[in-house]
Amino acid sequence: MKFYSNKLIVFFGCCFAWMSCNKLVEIPQSKNQIENTDVFRDSTLATSALLGAYFTMGTTVYGGIHKNLNIYADEYNYTASTGPIVEFNKSQLGSGNSTNSSLWNGLYLVIYQCNSLMEGLEHSTGVKIPVKEKLIAEAKFLRAYANFYLVNLYEHVPLILTTEVNGNARAAQVPESQVYEQIEKDLLDASAILKNQYAGTGKVRANKQAADALLARAFLFERKWTQAVAKASEIINSNQYTPLPKPEDVFLANSKETILQFWAVNGFVSDATQFIPVSATVQPTYTISTALAASFENTDSRKSKWITSNNVTVGGITTPYSYPSKYKNRTANTTKAEYVMALRLSEQLLIRAEAFAQLKDVPAAIADLNIIRMRGGLLPLSNTLSEQECLDAITKERRIEFFGEWGHRFFDLKRTGQLDAVMEPLKTTWKTSAKVLPIPNSEIAYNSNLKQNEDY
Numbered sequence: 208m209k210f211y212s213n214k215l216i217v218f219f220g221c222c223f224a225w226m227s228c229n230k231l232v233e234i235p236q237s238k239n240q241i242e243n244t245d246v247f248r249d250s251t252l253a254t255s256a257l258l259g260a261y262f263t264m265g266t267t268v269y270g271g272i273h274k275n276l277n278i279y280a281d282e283y284n285y286t287a288s289t290g291p292i293v294e295f296n297k298s299q300l301g302s303g304n305s306t307n308s309s310l311w312n313g314l315y316l317v318i319y320q321c322n323s324l325m326e327g328l329e330h331s332t333g334v335k336i337p338v339k340e341k342l343i344a345e346a347k348f349l350r351a352y353a354n355f356y357l358v359n360l361y362e363h364v365p366l367i368l369t370t371e372v373n374g375n376a377r378a379a380q381v382p383e384s385q386v387y388e389q390i391e392k393d394l395l396d397a398s399a400i401l402k403n404q405y406a407g408t409g410k411v412r413a414n415k416q417a418a419d420a421l422l423a424r425a426f427l428f429e430r431k432w433t434q435a436v437a438k439a440s441e442i443i444n445s446n447q448y449t450p451l452p453k454p455e456d457v458f459l460a461n462s463k464e465t466i467l468q469f470w471a472v473n474g475f476v477s478d479a480t481q482f483i484p485v486s487a488t489v490q491p492t493y494t495i496s497t498a499l500a501a502s503f504e505n506t507d508s509r510k511s512k513w514i515t516s517n518n519v520t521v522g523g524i525t526t527p528y529s530y531p532s533k534y535k536n537r538t539a540n541t542t543k544a545e546y547v548m549a550l551r552l553s554e555q556l557l558i559r560a561e562a563f564a565q566l567k568d569v570p571a572a573i574a575d576l577n578i579i580r581m582r583g584g585l586l587p588l589s590n591t592l593s594e595q596e597c598l599d600a601i602t603k604e605r606r607i608e609f610f611g612e613w614g615h616r617f618f619d620l621k622r623t624g625q626l627d628a629v630m631e632p633l634k635t636t637w638k639t640s641a642k643v644l645p646i647p648n649s650e651i652a653y654n655s656n657l658k659q660n661e662d663y
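Count along the sequence shown from 1, then add 207; that gives the number in our numbering.
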């Protein structure tokens, strides 16, 4: 992946300049940024600009979502007692929380990078039309990816489609439905241009299947069951990502079921560094919740491959701890590299299973569900389950399969109306309004058209 890292370096100056801005909705031209006419004078530099957006998503955005939403919901516990992460552990964020602000800024940074790329390519004469179309399609995919997380984390957000400074600085929030309309449009546009083949080495840039996979997820969240079945089926029936690999191989770079991963420098993801203790005698900072551990069946091989347990003795008292270990590499590893998993076939199977169940085709739903269960070494479920029993089984399977990944559990509880029922018994600080995160107060102070979410 040397090619990838070299390309990224060209665009890092832009990324760092953008990230230093406090208001990501308005990002003025900086002396440290490369002028659009320079960036888009040829396909090599334009591709570097696109890779900068991928890198932001796989580092800044992923770093703000993965562990924080896990402790915000009921997946992990946080053993430290200070810092902004404690507010996530209590599900009680202040509007000035710096981690939340970084997440908001990171998502809008990706959108700015994508908008800048698309605008620059429109006026470029040095990039051939087929290359230009493909880069724009990938930018639309990434913009949709960022908007998906913005609308599900904050609900009513500004919809930024240009780099125009004055208008963006005063942009008001729009309804969720309008954001989803744009997500669908961007993904349909991307899918129409992109091919099944991946660009470059590995699966670290969006192809047609990646656009379709995110679109299937959007359809699920919008309760568009028929469309979700159709789009997920296109991916599943392509046989491009089957058979499912063993649990221990899922998160390796370019694993069979990977639809899209975000490239990680030197083949290791920050998860392992943050989750896996330096030795078996050190207390983990993030531990698996009792409820999550109990949700696994005894013979489920995913538990032994994705969760590690140690007994830690402090002051003569020995305490058992379990911590997440989907990613294993704490340091550089080019032999068994790991990249940030973004989209994979298991999600498409469970999207289709849930949509089938909602359409009252329980046998079809169970068939998809059992493919996931068999990968874990579990016995198949009976197709005589009731519709509600089937939906409950899918909820449980999603909890197990996607724990620790991109906030799936939090979003699933929220979209299925189970969030309060699950969280209230676990956290005395829980409020119904915690279903959305606060708009950073620095953004509201800067833009009077932004309205704070309830109770913040």
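We put the beta carbon where it would ideally sit given N, CA and C, even for glycine. The structure displayed is predicted, hence computed values, not measured ones.
- By the Cβ neighbour-count rule, N656 is exposed, with fewer than 16 other Cβ atoms within 10 Å of its own.
- The Cβ-Cβ distance between V338 and A253 falls below 9 Å.
- Here the alpha carbons of L620 and V629 stand approximately 8 Å from one another.
- Contact between the segment 445-460 and the segment 491-504 is not established, with fewer than three Cβ pairs separated by less than 8 Å.
- Under DSSP, the beta-bridge partners assigned to E545 are L459.
- G290 sits exposed, since fewer than 16 C-beta atoms from the chains shown fall within 10 Å of its C-beta.
- The segment 320-350 is shown to contain no whole beta strand (DSSP E) run of 3 or more residues.
- In the structure shown, Q625 falls within a coil segment according to DSSP collapsed to helix, strand and coil.
- Within the same chain, K410, R551 come within 6 Å of T465 by CB-CB distance, once the 5 residues on both sides are set aside.
- Take the alpha-carbon of A425 and the one of D396: they are about 15 Å apart.
- Beta-bridge partners assigned by DSSP to Q380: P365.
- Relative to the Cα of T520, the nearest Cα in the group A498, A487, E545, D507 belongs to A487.
- DSSP links L467 through a beta bridge to L550.
- I343 sits away from L366, with the two beta carbons spaced by 9 Å or more.
- By DSSP's assignment, V521 forms a beta bridge with I524.
- Annotation: A406 to D662 spans about 45 Å, alpha carbon to alpha carbon.
- In its chain, beyond the 5 residues on either side, L588, N590, L592, C597 have a beta carbon closer than 7 Å to the beta carbon of I573.
- The C-beta of P645 has 16 or more other C-beta atoms within 10 Å across all chains shown, which makes the residue buried.
- If only uninterrupted alpha helix (DSSP H) runs of at least 4 residues are considered, those enclosed by the segment 238-291 are 243-246, 250-263, 269-279.
- Considering only E612, K638, E650, K512, the residue with the shortest C-alpha distance to E554 is E612.
- In the DSSP assignment, T515 is bridged to Y530.
- Taking a cut-off of 8 Å on C-beta distances, the segment 383-401 touches the segment 347-355, as three or more cross pairs fall below it.
- Restricting attention to E604, I514, P527, the CA atom closest to the CA of K533 is found in I514.
- Three or more Cβ pairs closer than 8 Å define a contact, and the segment 463-479 meets that threshold against the segment 542-549.
- Y493: member of the beta strand (DSSP E) spanning 493-495, first to last residue.
- The three-state secondary structure of R537, taken from DSSP, is coil.
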